[in-house]
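Residues 83 to 971 in our numbering are what the sequence shown lists, from first letter to last.
Ideal placement from N, C-alpha and C gives every residue a C-beta, glycine not left out.
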Amino acid sequence: MTIESMFHTQLHADYEAFLMQQKTRFAEAETLKIDIHCHDKNSDVPDELWGRLLRLPETWLETKDLIKTLERNSTDLVTITNHNNARSCWELLDKGYDVLVGAEFTCHFPGSELSIHVLTYGFTTEQEVKLNKLRHNIFNFSRFTLENDIPTVLPHPLFFYTHKNRPDISILEKFAVMFQRFEVLNGQRGYWQNQLTRHWVESLSDEKIDAYARKHKLNPNDFCKNPYTKSLTGGSDDHNGIFAGRTGTLVHIPDLHNRLKETKRSELVLEAILNGHTAPYGEVGKEEKLTVTFLDYFSQVAIHMEDPGLLRLLLHKGSLQDKMLCLGVSNAMQELKRHKYTLTFLKTFHQALSGTKPAFLTSLGVTKEFRPALKVVKEIARTHRKQPNNFLDVIRNGIPEIYHVVTDIFFNRLNQHLAHAGENNFAELTTDELIRKFEIPTQFRALFGNEKNPSTDDMTALNISKMLDELSFPALASVVIAGASFAASQVIYSNRPFLNELADNLNKARHPEKILWLTDTFADHNGVSSALQSTLQEIRKNDYPIDILTCHPTLKSDDHLIVVRPMQQFKVQSLGEQEFNIPDIIQIQGIFEQGSYDRIICSTELLMGAITLYLQKAFSVPIYFFMHTDWIEFLQSTTHLNEHETDRIRRLLRAFYMQFDGIFTLNSDHQRWLTSPDIGIDAQQVFLTQHWVDDAFNMAARPIKHNNIQPILLYAGRLSEEKGVFDLPEIFAFVKKQIPDAKLWIAGTGPADKQLKIVLPEATFLGWVDKSDLPALYNKADLLLLPSRFDTFGCVVLEAMTCGLPVVAYNCKGPKDIIEDKICGYLAEDKQHMAHIIKDHCIQASNQRKQNMRDAAIIRSQQFDAKHIMRSLLMNMKMSDFQCETSRN
């Protein structure tokens, strides 16, 4: 399910209208089409650090193949703008082609880490040498091009290189003074970036340019012949020969027919670019264009990559983190090369993207499970050849379909493999065993080797080499497609803070502030689900800019609720009946982009936690975590791990939580723990929040004044070991000795249900009780028992108090922040203390004292106001509307 936001829809419509207007600016008979921004194999020294570390060119595309693509897409002239060289253009000129000589020079601002690309045309071989010397000082470079009538274009003006430092928006002020021509349509950038570029260029009045010139002490006439007349261009920025010519520049040449009789096209086009007689044309596409580009590139990396050399890699410029990641990539690629069958598949996939029918797969005799994916690959190749205008639509729908098919195959085969793995079947391992086996060897070959090292107790036990042999097609395809999709979004949104600042500055194309709330559990019988359902009601009631997304096989999407279907489901024995649904990460990525979300809050650490980190890196958005579960307490309650093994989980949690821009916690103990040396999060990033009782529950809660002759003790919640339910037999046994007529009602289900019935035969087990029926239950009871030290808040505490039911709980995190001891409830130190409190309340407390406590419980519950809690959460997530509202108040 993908729902386009109004912002997303309007943005696309506005920019398409702009392109239609540009298309009609010049008479067709006086116009030539040229893609003035494309590359081939001579772009062999990339600007990106990883490319240099791994010795990877930007493309392996042959010049002749690029020319074929340009001709197929009806361009009238060829130029090839490789990085810092025009070798391809000179080679074509030597062969007799009429070519517009061009290159994309990487230029630097002196004394700064900022570097930009500058498209440059019409220079000689001697001037190329001079330009390469001057490009290390952009000011000297630009002065030289003006003096020699060499036109330049600033491509993708909102995307440049700052070595991971956030750019200052004032750089655009310098661009406004120094450049006359701007690429407002880049085929590899998204609608938002192209639209903002267009709005920015259109905003450059004479007065602004003069003001910027004074501010930065620059003379516009040193860099531009007509500094106040800006012209617009377009280019595909194609590196793989897939989209070249589909986006480009319309060049207006009056009396074109007659002028072509005496003058070369390249000379006419150069003159028109110099004079600013240009307009952009073509398609933006969405992320699918970059996704296909990266898919093709990753395939070629796997095919062509050589060992970059360890010493060379370690001695190269760059951070240790970048070098280690590149070492990992290199090892993965070298291992991949051992799978010749997979390499052949990649070559076939690469050829299909270029329009070649996948004959290899056809002759191979593809199994039934792969046929849907093969059908899509064939359609991609066929459309590229015969219906190029439909190519983007086929890509847009086809790539996610291939991903879904191959990922589903991967999980099916993985399950089959694990089912025959005996003791290595992870689904059947206990929590203790899972944690102890959670390790990766430092020796890479041990991970991929054919034999398990008997001295290890880690992931090598899975015999990953054998698994890869069996899973290579689906595993590789899934990873490559997800990686390509991730890289596409990352490139488009890598400078999101800069784009936001520009949109605010222009007061145009402002991205909405909108939250996607991710959770692995929403319709389950647990406290997290119950709290999220109450949150959804409050979101709907006030139309907050939040949508909750979960993965579930049958639940239906609704207002502010997005439900995606699982690709696979599994259970872990040690976690009881909890079922895990594996969502389609590509689908969620599409929902996030088309829904125009700009921040995320996540409620669960597992699958959705990983997806949150994926989306954070892909879209450069802030992420927040809502901490519902105390995993350390869970492990201490349910496992026999020693201190060192438990500490491993603490370190893992620390690494996870440290990735977030903020953590919401439900109790002061966790707030202190998260900011302590154990975790080490900045106190300014840890926010204390609360739950509340929703309106429907409040209306159903009608406290009844009563004093039961036979006291009724109630437990409500999940029946599991970590909830402390096995404390109840000892507590109730003591109470029964003192109060023989006392009753114990247990409402809930869980993995401890059967065992608890055996050890508590006198209790009444009510099973799962719907929330709407809970008020009546609370009204009948005398005390709610909460023997859990696991609860981070205790929603049942608040529910009971809303009905005037006092609660006795352990004096620990969560309940102690809610219960005012001996006023609206009781805080016990241990089982014996809890038992004595129950006896004293039921026997010794006067009716008036009991009534006072019921009244106090209701008053205390009313202090947990949903509107205040939600608005505080939105303020802490830096939502502008709520920050302004808070400052006014």
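Determine the DSSP secondary structure at residue i, reduced to helix, strand or coil.
| i | result |
| --- | --- |
| Gly849 | strand |
| Gln772 | coil |
| Asp180 | coil |
| Gly907 | strand |
| Tyr797 | strand |
| Lys371 | helix |
| Leu598 | strand |
| Pro454 | helix |
| Leu955 | helix |
| Leu461 | Checking the displayed sequence, the identity of residue 461 turns out to be Glu instead of Leu. Three-state result, Glu461: helix. |
| Thr141 | coil |
| Gly744 | strand |
| His238 | coil |
| Thr345 | coil |
| Asp629 | strand |
| Gln792 | coil |
| Cys100 | The residue you asked about is not Cys; residue 100 is Phe in the sequence shown. Of the three classes helix, strand and coil, the one that applies to Phe100 here is helix, per DSSP. |
| Arg467 | helix |
Have a look at the options and flag the residue whose alpha-carbon is nearest the alpha-carbon of residue i.
| i | options | result |
| --- | --- | --- |
| Tyr706 | Ile667, Trp599, Trp774, Leu723 | Trp599 |
| Val889 | Thr874, Pro869, Lys895 | Pro869 |
| Asp337 | Leu114, Leu300, Thr141, Asp126 | Leu114 |
| Leu418 | Leu393, Pro440, Ser436, Asp389 | Asp389 |
| Leu689 | Ala910, His634, Phe473, Thr161 | His634 |
| Thr202 | Leu182, Phe221, Thr601 | Leu182 |
| Gln914 | Tyr892, Met883, Arg478 | Tyr892 |
| Ile162 | Val333, Gly327, Leu425 | Gly327 |
| Pro239 | Asn577, His121, Leu352 | Asn577 |
| Thr771 | Cys906, Thr617, Gly677 | Thr617 |
| Asp158 | Lys949, Trp755, His334 | His334 |
| Phe875 | Gln944, Gly272, His710 | His710 |
Considering only DSSP beta bridges, list what residue i is partnered with.
| i | result |
| --- | --- |
| His298 | BP columns for His298 are empty, so no partner. |
| Gln615 | Looking at the DSSP assignment, Gln615 forms no beta bridge with any residue, so it has no partner. |
| Asp320 | Cys120 |
| Pro362 | Thr331 |
| His165 | Glu186 |
| Thr720 | Looking at the DSSP assignment, Thr720 forms no beta bridge with any residue, so it has no partner. |
| Asn268 | Gly317 |
| Arg263 | Ser313 |
| Met709 | Thr747 |
| Arg420 | Per DSSP, none; premise fails for Arg420. |
Residues in the same chain with beta-carbon distance under 7 Å from residue i, minus the five sequence neighbours each way, listed in chain order, please.
| i | result |
| --- | --- |
| Leu428 | Ser381, Ala384, Ile385 |
| Asn608 | Arg800 |
| Pro648 | Cys633, Pro635, Asn663, Ile664, Pro665 |
Within its chain, find whatever has a CB closer than 8 Å to the CB of residue i; leave out the 5 residues flanking it on each side and keep chain order.
| i | result |
| --- | --- |
| Glu595 | Pro627, Asp680, Arg681, Met961, Ser962, Asp963 |
| Asn166 | Val127, Ala185, Glu186, Phe187, Thr188, Asn214, Arg217 |
| Ala585 | Leu278, Ala591, Arg592, His593 |
| Leu859 | Leu796, Ala798, Trp827, Ala829, Leu848, Val851 |
| Pro309 | Val259, Gln262, Ile291, Pro302, Asn303 |
Measuring only the C-alpha atoms, how far is residue i from residue j?
| i | j | result |
| --- | --- | --- |
| Met387 | Asn582 | 37 Å |
| Glu289 | Arg296 | 11 Å |
| Leu407 | Gly133 | 12 Å |
| His199 | Ala111 | 32 Å |
| Ala509 | Ala455 | For Ala509, the predicted structure reports a pLDDT of 48, less than 50, and the residue's modelled location is therefore unreliable. The matter cannot be settled from this model. |
| Ile941 | Leu588 | 50 Å |
| Ile491 | Glu451 | 7 Å |
| Ser969 | Gln767 | Only weak support is given to the placement of Ser969: the predicted model assigns it a pLDDT of 43, under 50, and the question is left unresolved by the model. |
| Lys405 | Val411 | 10 Å |
| His281 | Thr430 | 42 Å |
| Thr884 | Val775 | 8 Å |
| Asp250 | Tyr294 | 14 Å |
| Lys862 | Glu804 | 27 Å |
| Met935 | Gly886 | 8 Å |
| Leu143 | Gly832 | 59 Å |
| Val283 | Lys312 | 7 Å |
Excluding the 5 residues flanking residue i on each side, which residues of the same chain have their C-beta closer than 6 Å to its C-beta?
| i | result |
| --- | --- |
| Asn219 | Pro192 |
| Arg562 | Note on residue identity: the sequence assigns Val, not Arg, to residue 562. Answer for Val562: Phe380, listed in chain order. |
| Pro785 | Cys885, Gly886 |
| Ala938 | Ile905, Cys906 |
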